[in-house]
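Here the protein sequences come in this chain order: D and E. Quick note: the first sequence uses the numbering used here, first residue 1, plus one each step. Quick note: the second sequence uses the numbering used here, first residue 1, plus one each step. Below: the structure, in structure tokens.
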Amino acid sequence: MRGIGRKVWAIPGGHIPMGSAEPEPEFTSRDELCLLNTNEQLAHLEITIYYSSTDPVGPYKLTVQPRRVRHVRLNDLIDPQAMPLDTPYASVIESDVPIVVQFYRLDSRRAENAILGTMAYPVDE
Amino acid sequence: MREWVNWSGSLRFTPERIETPDSEQALVALVQRAAEQGRAVRVVGKGHSSSPLVQTDDILVSLEKLQGMESHDTAAHEATIRAGMTLQDAGEALLKVGLAVPNLGDVNVQQVVGAISTGTHGTGRELPCLSTMLVGGRMVTGTGEVVEFSEQTPDLLRAARVSLGVVGIVTSLRLRLLPAYQLHRQEWCTDVRHCLDHLDELINRNRNFDFYWYPRSDEVKLRTLNPSGEEPGDLSYATLVEDHTDWASRIISKVREIKFDEMEYGVPEEAGAECFLQVRRRMKDKYRQYVGWRLLYRTVAPDDAYLSMAYGRETATVSVHQNVGLPYGDFFRGIEPILRDHEGRPHWGKKHTLRAEDLRPLYPRWEQFLQVRQRTDPQGVFLTPYLRELLGVPISEQARAAAPAGR
Numbered sequence: 001m002r003g004i005g006r007k008v009w010a011i012p013g014g015h016i017p018m019g020s021a022e023p024e025p026e027f028t029s030r031d032e033l034c035l036l037n038t039n040e041q042l043a044h045l046e047i048t049i050y051y052s053s054t055d056p057v058g059p060y061k062l063t064v065q066p067r068r069v070r071h072v073r074l075n076d077l078i079d080p081q082a083m084p085l086d087t088p089y090a091s092v093i094e095s096d097v098p099i100v101v102q103f104y105r106l107d108s109r110r111a112e113n114a115i116l117g118t119m120a121y122p123v124d125e
Numbered sequence: 001m002r003e004w005v006n007w008s009g010s011l012r013f014t015p016e017r018i019e020t021p022d023s024e025q026a027l028v029a030l031v032q033r034a035a036e037q038g039r040a041v042r043v044v045g046k047g048h049s050s051s052p053l054v055q056t057d058d059i060l061v062s063l064e065k066l067q068g069m070e071s072h073d074t075a076a077h078e079a080t081i082r083a084g085m086t087l088q089d090a091g092e093a094l095l096k097v098g099l100a101v102p103n104l105g106d107v108n109v110q111q112v113v114g115a116i117s118t119g120t121h122g123t124g125r126e127l128p129c130l131s132t133m134l135v136g137g138r139m140v141t142g143t144g145e146v147v148e149f150s151e152q153t154p155d156l157l158r159a160a161r162v163s164l165g166v167v168g169i170v171t172s173l174r175l176r177l178l179p180a181y182q183l184h185r186q187e188w189c190t191d192v193r194h195c196l197d198h199l200d201e202l203i204n205r206n207r208n209f210d211f212y213w214y215p216r217s218d219e220v221k222l223r224t225l226n227p228s229g230e231e232p233g234d235l236s237y238a239t240l241v242e243d244h245t246d247w248a249s250r251i252i253s254k255v256r257e258i259k260f261d262e263m264e265y266g267v268p269e270e271a272g273a274e275c276f277l278q279v280r281r282r283m284k285d286k287y288r289q290y291v292g293w294r295l296l297y298r299t300v301a302p303d304d305a306y307l308s309m310a311y312g313r314e315t316a317t318v319s320v321h322q323n324v325g326l327p328y329g330d331f332f333r334g335i336e337p338i339l340r341d342h343e344g345r346p347h348w349g350k351k352h353t354l355r356a357e358d359l360r361p362l363y364p365r366w367e368q369f370l371q372v373r374q375r376t377d378p379q380g381v382f383l384t385p386y387l388r389e390l391l392g393v394p395i396s397e398q399a400r401a402a403a404p405a406g407r
């Protein structure tokens, strides 16, 4: 299959919830990227995180294997810096091949606001 | 004058000058001049420590030009190396002559002498800190004399093994080693409950065992290293995620591109699991918002170096980390009381807040160490204000009189 998607994606509404329900890691509150690479080659990604009152941080470098999906918890990223929880942020994902990016949030503190999922914004170049 | 910066960037200072003597004789001359002029000399390795052991506004000495192996005896499992060699370079040089160090820490970028002098360790219930492989060598004392030390000078050897660079500047190290060997490294993911339920057997049945705990997910990664064919078998409660075999000098340590600051304490091994659980609880309750770095839990065999973290006791170590560039002070200060409550002794090269009055009760041979230091450096050439405070050594009238005005 040809590579579908875009090379640049943006997600403005990041906010990793602070608290979590047990047991973890299944119910760890989190922001998560669902990354689809339908290409025949490895996708190299660079993520930049934007904040409301401090300079952007990045790049967080990831790869997605050819013709695979990869789910990445943003909570777990530590290189170059751990992202603060309970802090508004936005992410821009740049890839060297077209990919598809979906955003997923689990807030396990209360059932009423447990899950949110949305497509990231695909940027036309 | 140029600024000196340690590996993580959290320690910066500007010494009056940085010297790189290319021979032991040049170092002797340097120390003698410094002693005559009442100056302070601090020796620095690769700058991997983040406590201010090397910080000085006077003379900083690097032994980076003292490279190479002086001699080896493969049959006797010994080699003598010069003090500027890194663990990585020494590992490759030793491998060529069929030898290897008994253990390594998490990284191998440090100079051998720096790792030894700060009590750096790896993991393994039967494996003491790296300092114990030092069985002899030569050092330049604070009076500028070259002194040989060995198992025939046990007092000096036990002080030199974890010396913080205040007993003398070691120029040559005779190391007790092992025949070159390979290890099978495996890494497994599981959860805290399974890790702790099996902790004793994991420690007892593997040559090297440690685990990482991840504060943002509460997951655990187990790491085991064993000679091929001596692995205890698969772990039904964990998922294997890494599996390869290589020479020990190439596989025990890992390359770490990412930089961090670290605090580590050694506690009695029987208190290790409870200590870990309390640290975990506090990190989840108070610090998870800003701390994503994992905690590392290791074990160290006892030894008899006067200032060793594992002096006289089976030890478990708990270390916490923070990304360079993110604040660590509040986090480390919030965790340190738990580590101290468990009779913890700090890693000398990592962050801690203890001073002589806190440290003296933790080390049964504290006074013996200070006596050796007084003999080898009576004028305190190797001491700085931080080290005097750390060790509880007041400035002597002799040193005060010898010091240049303003120092």
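Just so it is clear, CB atoms sit at the ideal spot from N, CA and C, and this is done for glycine as well.
Asked: Buried versus exposed call for THR33/E [16 or more other C-beta atoms within 10 Å across all chains shown]; Found: What sits at residue 33/E in the sequence shown is Arg, not Thr. Its Cβ having fewer than 16 others within 10 Å, ARG33/E is exposed.
Asked: Whole-number beta carbon distance between ASP96/D and ALA43/D, since they are thought to touch under 8 Å; Found: 7 Å
Asked: GLY272/E versus THR317/E: straight-line alpha-carbon distance, rounded; Found: 7 Å
Asked: Among MET283/E, GLN110/E and MET139/E, nearest to HIS321/E - alpha-carbon criterion; Found: MET283/E
Asked: Under 9 Å from the C-beta of PRO25/D: neighbouring residues of chain E; Found: ASP191, TYR214, ARG216, SER217, ASP218 and GLU219
Asked: Terminal residues of the beta strand (DSSP E) in which PHE211/E lies; Found: 208-214
Asked: Heavy atom of the ligand MG within 8 Å of GLU262/E beta-carbon; Found: This structure simply doesn't include the ligand MG, nor any ligand for that matter.
Asked: Classification of ASP377/E by the beta-carbon crowding that lies within 10 angstroms, buried from 16 upward; Found: buried
Asked: Minimum Cβ-Cβ distance from LEU106/D to chain E less than 9 Å; Found: no
Asked: Counted within 10 angstroms of its Cβ, other Cβ atoms place THR123/E as buried (16 or more) or exposed; Found: buried
Asked: Nearest-angstrom Cβ-Cβ length linking LEU225/E and HIS198/E, presumed shorter than 8 Å; Found: At roughly 17 Å, the Cβ-Cβ gap does not stay under 8 Å, so LEU225/E and HIS198/E are not in contact.
Asked: TYR237/E versus THR14/E: straight-line alpha-carbon distance, rounded; Found: 52 Å
Asked: Neighbour flag for VAL291/E against chain D, beta carbons, 9 Å; Found: yes
Asked: Cβ pair count under 8 Å reaching 3, the segment 250-270 of chain E against the segment 91-105 of chain E; Found: yes
Asked: Cβ of ILE93/D within 9 Å of any chain E Cβ; Found: no
Asked: Backbone CA spacing between CYS195/E and TRP188/E [nearest angstrom]; Found: 10 Å
Asked: Exposure label - SER71/E; buried when at least 16 CB within 10 Å; Found: exposed
Asked: Continuous beta strand (DSSP E) stretch holding PRO385/E: start and end; Found: No beta strand (DSSP E) contains PRO385/E, which is instead part of the alpha helix (DSSP H) from 385-391.
Asked: Whether VAL267/E touches GLU151/E by CB criterion (9 Å); Found: no
Asked: Sufficient close CB pairs (3 or more, under 8 Å) joining the segment 129-145 of chain E to the segment 208-224 of chain E; Found: no
Asked: Nearest-angstrom Cα separation, counted from VAL291/E out to VAL279/E; Found: 13 Å
Asked: Neighbour flag for THR28/D against chain E, beta carbons, 9 Å; Found: yes
Asked: Neighbouring residues, chain D, relative to ILE335/E (Cβ below 7 Å); Found: What ILE335/E touches in chain D: nothing, since even the nearest Cβ is about 16 Å away.
Asked: Residue-level contact to chain E via CB, GLN41/D, 9 Å cutoff; Found: no
Asked: N-terminal and C-terminal residue of the alpha helix (DSSP H) that ARG67/D is part of; Found: ARG67/D -> no alpha helix (DSSP H), and no H or E assigned at all.
Asked: Sequence-distant residues of its chain with Cβ nearer than 6 Å to ILE338/E (five each side left out); Found: GLN278 and VAL279
Asked: Inter-stretch contact at 8 Å, needing at least 3 Cβ pairs: the segment 39-55 of chain D / the segment 17-25 of chain E; Found: no
Asked: Nearest-angstrom Cα separation, counted from VAL97/E out to THR74/E; Found: 7 Å
Asked: CB of GLU125/D within 9 Å of CB of LEU45/D, strictly; Found: no
Asked: Nearest residue (CA-CA) to GLY329/E, options VAL54/E, ASN206/E and ASP261/E; Found: ASP261/E
Asked: Contact list for GLY312/E against chain D, beta-carbon separation under 9 Å; Found: Going along chain D, no residue has its Cβ under 9 Å from GLY312/E, so there is no contact; the nearest lies around 36 Å.
Asked: Residues in the segment 57-88 of chain D having any Cβ partner in chain E nearer than 9 Å; Found: VAL57, ARG73, ASN75, ASP76, LEU77, ILE78, ASP79, PRO80, GLN81, ALA82, MET83, PRO84, LEU85, ASP86 and THR87
Asked: Beta strand (DSSP E) runs contained entirely in the segment 77-147 of chain E, provided each spans 3 or more residues; Found: 78-82 and 134-140
Asked: Exposure label - LYS350/E; buried when at least 16 CB within 10 Å; Found: buried
Asked: Per-residue DSSP class, three states only, for VAL410/E; Found: With chain E running from 1 to 407 in the structure shown, residue 410/E is simply not present.
Asked: Three-state secondary structure assigned by DSSP to GLN182/E; Found: strand
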